[in-house]
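Okay, so here's the structure we're looking at.
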């Protein structure tokens, strides 16, 4: 791949990463989200064949809007395939710098031993996700067939269950490895609200929301009709959540 195409590819991938961090509730400046290809070249260079930029220079470090100690690091290894030694180095950095969340964006994947090591080392204190570069060339949540997702807080989840007298086991489920679940970094037991705005053009503040409430789980098959339709409260919950997040972002 020539330098021009490779530079565009790296810019596109990093842009998706920044959007993903923002959508997970991490603090990302508007300037970073809006960075153009020319601005990317000015910062990182446009000669990948000469390591300008090297992938390792594209690192992203962010803190969560609600808790500055909840940090996440996104790293882009220069090596095409990652082995055990590199994974150990990444986990060591997370432990030494108290970084609870890490994302690794790799060119071709991990060795089987490295993948097994990640499964072994992960616990409640640390989370580690791996994406292929090819998975991040586009932001899947911007596709017109993907509805708007809002991840409910534990409090919002309990409020929803209590209001409708539901048990968590009654919620439709989404597979842990679903692309949207991975994009948002969903963990087992979290609940997301999907709003597609398809109800005669209604906004969340207007009529009934065709919301889908899904609980992250692995591995549970999701049927196409596994949808719960809730009345106005779901739309109101969505609107309140968006308003709250908008308020937080506007103060930063």
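Residue numbers (the working numbering): 773 to 1024. From the three backbone atoms N, C-alpha and C, an ideal C-beta is built for every residue, glycine too.
Quiz item: What separation, rounded to the nearest whole angstrom, lies between the Cα atoms of residue 957 and residue 816?
Solution: Your numbering for residue 957 matches position 185 in the chain shown. Your numbering for residue 816 matches position 44 in the chain shown. Between residue 957 and residue 816, the C-alpha separation is close to 27 Å.
Quiz prompt | Residues of its chain near residue 819, where Cβ-Cβ distance is below 7 Å and the 5 sequence neighbours each way are ignored | solution = Residue 819 sits at position 47 when you count from the first residue of the chain shown. 775, listed in sequence order.
Quiz item: Where DSSP assigns a beta bridge to residue 870, which residues make up the other side?
Solution: Taking the chain shown and counting its residues from 1, one reaches residue 870 at position 98. Residue 870 pairs with nothing; no bridge assigned.
Self-check item: CA-to-CA distance, residue 828 to residue 779, given in whole angstroms
Solution: Numbered from its first residue, the chain shown carries residue 779 at position 7. Numbered from its first residue, the chain shown carries residue 828 at position 56. Computed Cα separation, rounded: 14 Å.
Quiz item: By how many angstroms is the C-alpha of residue 931 removed from the C-alpha of residue 847?
Solution: If you number the chain shown from 1, residue 847 lands on position 75. If you number the chain shown from 1, residue 931 lands on position 159. Approximately 37 Å, taken between the alpha carbons.
Practice problem: Please confirm whether any heavy atom of the ligand SAH lies closer than 7 Å to the CB of residue 914. | Solution: In the structure shown, the ligand SAH is absent, as is every other ligand, since no ligand is present at all.
Quiz prompt | Three or more C-beta pairs below 8 Å linking the stretch 867 to 874 and the stretch 883 to 893 | solution = Verdict: no, contact absent.
Self-check item: Closest residue to residue 791 among 853, 909, 851 (Cα-Cα distance)
Solution: Position 19 of the chain shown holds residue 791. Comparing alpha-carbon positions, the option among 853, 909, 851 lying closest to residue 791 turns out to be 909.
Exercise. Sort 796, 787, 859 by Cα distance to residue 952 and report the nearest one.
Key: Residue 952 sits at position 180 when you count from the first residue of the chain shown. With respect to the C-alpha of residue 952, the residue from 796, 787, 859 having the closest C-alpha is 796.
Quiz item: Under a Cβ-count criterion, where at least 16 other Cβ atoms within 10 Å of its own Cβ denotes burial, should residue 864 be classed as buried or exposed?
Solution: In the chain shown, residue 864 corresponds to position 92, counting from 1. Its Cβ having fewer than 16 others within 10 Å, residue 864 is exposed.
Self-check item: One or two residues paired with residue 847 in a DSSP bridge
Solution: The count along the chain shown starts at 1 and reaches residue 847 at position 75. Beta-bridge pairing by DSSP links residue 847 to 876.
Self-check item: Best match in 773, 927, 793 for proximity to residue 821 [C-alpha to C-alpha]
Solution: As a working mapping, residue 821 is identified with position 49 in the chain shown. Ranking 773, 927, 793 by Cα distance to residue 821 puts 773 first.
Quiz item: Is the beta carbon of residue 874 sitting closer than 8 Å to the one on residue 844?
Solution: Within the chain shown, numbered from 1, the residue matching residue 874 stands at position 102. Within the chain shown, numbered from 1, the residue matching residue 844 stands at position 72. Taking a C-beta distance under 8 Å as the contact criterion, residue 874 and residue 844 qualify as a contact pair.
Quiz item: By Cβ distance below 6 Å, which residues in the same chain neighbour residue 833 in space, the five residues on each side in sequence not counted?
Solution: The residue you call residue 833 lines up with position 61 of the chain shown. If the five residues before and after residue 833 are omitted, its C-beta is found closer than 6 Å to the C-beta atoms of 845, all from its own chain and listed in chain order.
Practice problem: Would you check if the distance between the CB atom of residue 877 and the CB atom of residue 905 is smaller than 8 Å? | Solution: Here residue 877 refers to the residue found at position 105 of the chain shown. Here residue 905 refers to the residue found at position 133 of the chain shown. Cβ atoms of residue 877 and residue 905: closer than 8 Å.
Quiz item: How would you write the range of the alpha helix (DSSP H) that residue 807 sits in, first residue to last?
Solution: The residue labelled residue 807 in the question sits at position 35 within the chain shown. Residue 807 -> no alpha helix (DSSP H), and no H or E assigned at all.
Quiz item: What distance in whole Å lies between the Cβ atoms of residue 940 and residue 933, which are believed to be in contact at a cut-off of 8 Å?
Solution: Your numbering for residue 933 matches position 161 in the chain shown. Your numbering for residue 940 matches position 168 in the chain shown. That belief holds up - the Cβ atoms of residue 933 and residue 940 are roughly 7 Å apart, short of 8 Å.
Self-check item: Status (buried if at least 16 other CB within 10 Å, exposed otherwise) for residue 937
Solution: Locating residue 937 in the chain shown gives position 165, where the first residue counts as 1. Here residue 937 is exposed. Its C-beta has fewer than 16 other C-beta atoms within 10 Å.
Practice problem: Helix, strand or coil for residue 906, going by three-state DSSP, please let me know. | Solution: The residue labelled residue 906 in the question sits at position 134 within the chain shown. If DSSP states are grouped into helix, strand and coil, residue 906 belongs with the helices.
Quiz item: residue 831 to residue 884, Cα distance in whole Å?
Solution: Here residue 831 refers to the residue found at position 59 when the chain shown is read from its first residue. Here residue 884 refers to the residue found at position 112 when the chain shown is read from its first residue. The alpha-carbon separation between residue 831 and residue 884 amounts to approximately 24 Å.
Quiz item: Quick one: what's got a C-beta closer than 8 Å to residue 899's C-beta in the same chain, skipping five residues either side?
Solution: For the purposes of this step, residue 899 is taken as the residue at position 127 of the chain shown. The answer, listed in chain order, is 872, 873, 874, 957, 959.
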